[in-house]
Structures are given as C-alpha cells and as structure tokens.
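Engineer:
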Amino acid sequence: MQQYSVGLVGYGLGGATFHAPVIAAVPGLRLARIASRSARPETLDAYPGVQLDDTPQAMLDDPAIELVVVCTPNASHYALAKAALLAGKHVVVDKPFVLSSAEGEELVALARQRGVQLSVFQNRRWDGDFLTLRHVIESGQLGAVHTYRAHFDRYAPQVKARWKEAAQPGAGVLWDLGSHLIDQALVLFGMPRSVTAHLSMQRDGAQVEDAFELQLDFGATKAMLHAGALVRAPGPRYQVHGTNGSFVKHGIDPQEAALKLGARPGDAGWGIDAPADWGTVFAADGSCSTVETIPGAYEAFYRGMYHAIAEGVQLPVQPEDAVQVVRVIELALRSHHERRTIDFTGGEHGAG
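Residue numbers for the sequence shown follow my numbering, so the first one is 393 and each next one is one higher.
1. Is the beta carbon of ASP486 sitting closer than 9 Å to the one on THR464?
2. Assuming ALA603 and GLY620 form a contact by the criterion Cβ under 8 Å, report the distance between their Cβ atoms to the nearest whole angstrom.
3. Put ASP735 into one of helix, strand or coil per three-state DSSP.
4. Are the CB atoms of VAL483 and VAL460 nearer to each other than 9 Å?
5. Taking the C-alpha atoms as reference points, what is the distance between ASP521 and PRO561?
6. Where are the beta strand (DSSP E) runs, 3 residues long or more, that stay fully inside the stretch 642 to 697, in chain order?
7. Three Cβ pairs or more, each shorter than 8 Å: is that satisfied between the stretch 546 to 564 and the stretch 679 to 699?
8. Mapping the DSSP letters down to three states, classify TYR439 as helix, strand or coil.
9. Taking the alpha-carbon positions, what's the ASP665 to ILE574 distance?
10. What are the boundary residues of the beta strand (DSSP E) that includes GLU605?
11. Grouping DSSP H, G and I as helix and E and B as strand, with all else coil, what is ALA475?
12. Determine the closest residue to ALA473 out of GLN514, LEU400, ALA438, with distance taken between C-alpha atoms.
13. Between the beta-carbon of LEU525 and the beta-carbon of GLY637, is there less than 9 Å?
14. Using a Cβ-Cβ cut-off of 7 Å (strictly less than) and excluding sequence neighbours within five positions of ALA676, which residues of its own chain qualify?
15. I believe ARG422 touches GLN395 by the beta-carbon criterion, under 8 Å. Please report the beta-carbon distance rounded to the nearest angstrom.
16. Just to confirm, are PHE489 and VAL512 a CB contact at a threshold of 9 Å?
17. With respect to the beta strand (DSSP E) encompassing HIS590, which residues constitute its N-terminal and C-terminal limits?
18. Starting from the C-beta of GLN607, find all residues in its chain whose C-beta is less than 6 Å away, skip the five residues before and the five after it, and write them out in chain order.
19. How many Å lie between GLY661 and PHE581 at the Cα?
20. With a CB to CB cut of under 6 Å and the five nearest residues on each side skipped, what residues in its chain are close to GLU605?
21. Reducing DSSP to helix, strand and coil, say where ARG624 ends up.
22. Using a Cβ-Cβ cut-off of 6 Å (strictly less than) and excluding sequence neighbours within five positions of ALA417, which residues of its own chain qualify?
23. Counting only the same chain and skipping the five closest in sequence on each side, list residues whose C-beta sits under 6 Å from that of GLY663.
24. Determine the extent of the alpha helix (DSSP H) in which ALA724 is found, giving its start and end residues.
25. Give me the DSSP bridge partner(s) of VAL512.
26. Give me the Cα-Cα distance between SER571 and ALA450, rounded to the nearest whole angstrom.
27. For a test of the three-state rule: what should DSSP assign to ASP545, helix, strand or coil?
28. First and last residue of the beta strand (DSSP E) that includes GLY399?
29. In chain order, what residues of the same chain lie with their CB nearer than 6 Å to the CB of VAL462, ignoring the 5 residues before and after it?
30. Could you check the C-alpha separation between ASP674 and GLY634 for me, to the nearest Å?
31. Exposed or buried, which one is PRO584 when buried takes at least 16 other CB atoms within 10 Å?
32. Expressed to the nearest angstrom, what Euclidean distance is found between the alpha-carbon atoms of TRP670 and ILE457?
33. Rounded C-beta distance between VAL398 and ALA424? I'm assuming under 8 Å.
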C-alpha cells in the first residue's frame, strides 16, 4: 500500500482530539509533522517519530509531506490552506472551511489549477445517528419528508477563555456547530431557497452568539436547525416527519467522547451507540419500530482522502459543498442582522 506522509497544522482540541488519532488509525497515512506552539513533547509518546515544529513552514518546505491538514482558528484557514496549495500539497481544512464563500471559491480554483486534492473535514457526516437518519430517509420509510428538526444542544453555562468564544472573526456557535448542522441538511436536501436566522448570546459574559435557530426553506421541506449552550435537558437530536411516518432519535454519537478518553478507530466498540439511544420509526399505520444505530466512522473521511489521493476517486467531502455551507452561514448572519428571511437568489422577505 502506498504510504502518504501527513503534516498537521494546529494541535488544540480539534487537532489533538479529532485529527491526529484518526489519521494515525488509517492505513496508508502516516502522521509525520505537527506544527503547533502548544504541542508538548509528550505528544511524541502517542505518535513516535513525529516531528514537532513551531510553524508550518517546515512541512510546507518538506517534499516528503504530501497532505497538509489545517486545524487552526477559523480566521487563519484561508491563508494556511492557500500556502499549502501553493506548495503543491493536498489539503484538508477543518470545518467551516473559510470565512467567506469568495475565499472558498478561490481555494477550490487554486486546487484545481495545481492538480491537488482539497477537502473539508465535515466529520459529522459519519456520526452514527446521521448515517442512520440518512438511511431511514433514503429507504423511503418516511415517504416525502416535509419537516426536519436537528438539534446540537449542550449545557455549558460558563464561557471559556478560548478563541471560539472570543469576539473575533469566525468565532461563535454558528460557525462551529452550525457548520455541522447545515452541512447535514444540505447533504439530505440540497441547497435551500431561503434562510431565516435568529442568533443570541444567552450566557453571562458571552462575547459572541452561543445559540441559534435557523429555518432553511427547501420548498416542500422545511428544516429547523438549533444549537444552544444552556440546554440542561436536551430533547430529541433529530425529529423528521414525512408523509408515511416519523423518525425520532435521542442521544449523541459516542465518537467524540471516546476520542477524548484516548480511544481510536478500530478499538472494540468503536462508534457503537447505546441501545437506549436507538431511534424509532413511527409508521403511518400506528406501529413503531426501533432502528439500531449504524456505527459511527470518522475514520471514513480520512480513508476516503487516502483513496482520493492514491486513486483519484471522488473526495469524501467536495470542497464545493463546503463553500455552500459558508454561503448559508453568510446569509444566516445577514438574515439575523436585517431581521429578514433572505432568498439565495438575492430576494428578501418581511421581518422575521
């Protein structure tokens, strides 16, 4: 099997928890360099042979590094990804890609010009609950979906001293968890006709929005996306209603919690949902059935990256998809500030 050396830029929560261990678990990928001022020497205990750098320049100059993964604060994604593409590297950028659709389109064009692969780490396409929901919808069990509700709620009443919660570009829950919820909705239903957004700062000391409610209008289908940091008793993660039935799912995919405890893909029980959290399909005839959750598989993203680089097959996440997510966020911010429903064709509706 062809081996590809990977350089990881950024070793905060995302780099240390989501990227490094998943990359290391995928055959054909070798984590070779980490660029981070915060990475500690003990990092080398978990990844023997990895070179630690203060800046990403060394990996950009290293011809042995073929794939560069950018997992830094959102405002730095564009410049770092562009530098890596110009250096001739394949590139993965952590969600939400970049902070403007124009920047995203520029990077997509640059990757095409340079003949390298560019993708965005939308790992929650491989959450077990979303894989299961997608299967239920695509199998036709619900008929035509008319109402889609997805929540990403947490209870974190204290504002933390970190960039995601500071008053700076790209911070806030809409760019963070919102990019996941929006991406999932676009995977299921395509691009919406319009977006209506309500953002809020609910916690004492909040500097950026920590809660949002989005409505995406797909015509016959309406999607309501919600995230909040003061939800002590979360309800269903998904409620999906169609002409032939409904699907309701509680709980959250276990992979993030497992990664934080040091587990890796391939370990016993990886991605397995608790039976108490399995979803239920409520059929039109009044019957109901429990649906076992498909195991989550974050490693599928990097396995897909390997094959895209080695064989030229389709990327696990098309960069154009990530640009569309950014476009939705742009219009959601505009909708909130103007108190309007914003059409993707440029039209506007009355106050929301």
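Don't be surprised by glycine CBs; every beta carbon is placed ideally from N, CA and C.
Structural biologist: From the atom records:
1. Yes; because the gap between Cβ atoms is below 9 Å, this pair is in contact.
2. Yes, ALA603 and GLY620 are in contact; Cβ-Cβ is about 4 Å, under 8 Å.
3. Of the three classes helix, strand and coil, the one that applies to ASP735 here is strand, per DSSP.
4. Contact flag set, yes.
5. When rounded, the distance between both Cα atoms is 31 Å.
6. Taken in chain order, the complete beta strand (DSSP E) segments of 3 or more residues contained in the stretch 642 to 697 are 671 to 675, 680 to 683.
7. Taking 8 Å as the limit for Cβ pairs, the verdict is that the stretch 679 to 699 does not touch the stretch 546 to 564.
8. Here TYR439 sits in coil by DSSP.
9. Cα to Cα, the separation comes out at about 23 Å.
10. Per DSSP, GLU605 is one residue of the beta strand (DSSP E) stretching across 603 to 609.
11. ALA475 carries a helical assignment under DSSP once its states are collapsed to helix, strand and coil.
12. If we check each option's Cα against that of ALA473, LEU400 comes out closest.
13. Not in contact: LEU525 and GLY637 (Cβ atoms no closer than 9 Å).
14. Taken in chain order, the residues that qualify are ASN636, GLY637.
15. Indeed, because the Cβ distance is near 6 Å, the residues count as touching under 8 Å.
16. With respect to the 9 Å criterion, PHE489 and VAL512 are classified as neighbours on the basis of their beta carbons.
17. Segment 586 to 592, the beta strand (DSSP E) holding HIS590.
18. Counting only Cβ-Cβ distances below 6 Å, and skipping sequence neighbours, we find THR588, MET616.
19. In a straight line, the C-alpha of GLY661 is about 31 Å away from that of PHE581.
20. Hits under 6 Å: HIS590, HIS618.
21. Residue state, collapsed to three classes: coil.
22. For ALA417, where only same-chain residues beyond five positions count, the Cβ hits under 6 Å are ARG656, PRO657, GLY658, GLU691.
23. So the qualifying residues of the chain are GLY520, GLN647, PRO687, GLY688, ALA689.
24. Counting along the chain, the alpha helix (DSSP H) containing ALA724 begins and ends at 711 to 730.
25. Residue pairing of VAL512 in beta bridges, as defined by DSSP: VAL485.
26. Distance between SER571 and ALA450, taken at the CA atoms: about 31 Å.
27. Residue state, collapsed to three classes: strand.
28. From DSSP, the beta strand (DSSP E) with GLY399 extends over 396 to 401.
29. Answer for VAL462: VAL401, HIS469, LEU472, ALA473, VAL485, listed in chain order.
30. Position check: residue 674 holds Phe in this sequence, whereas Asp was assumed. Distance between PHE674 and GLY634, taken at the CA atoms: about 10 Å.
31. Buried, since its Cβ has 16 or more Cβ neighbours within 10 Å.
32. Annotation: TRP670 to ILE457 spans about 41 Å, alpha carbon to alpha carbon.
33. Sure, about 6 Å apart at Cβ, within 8 Å.
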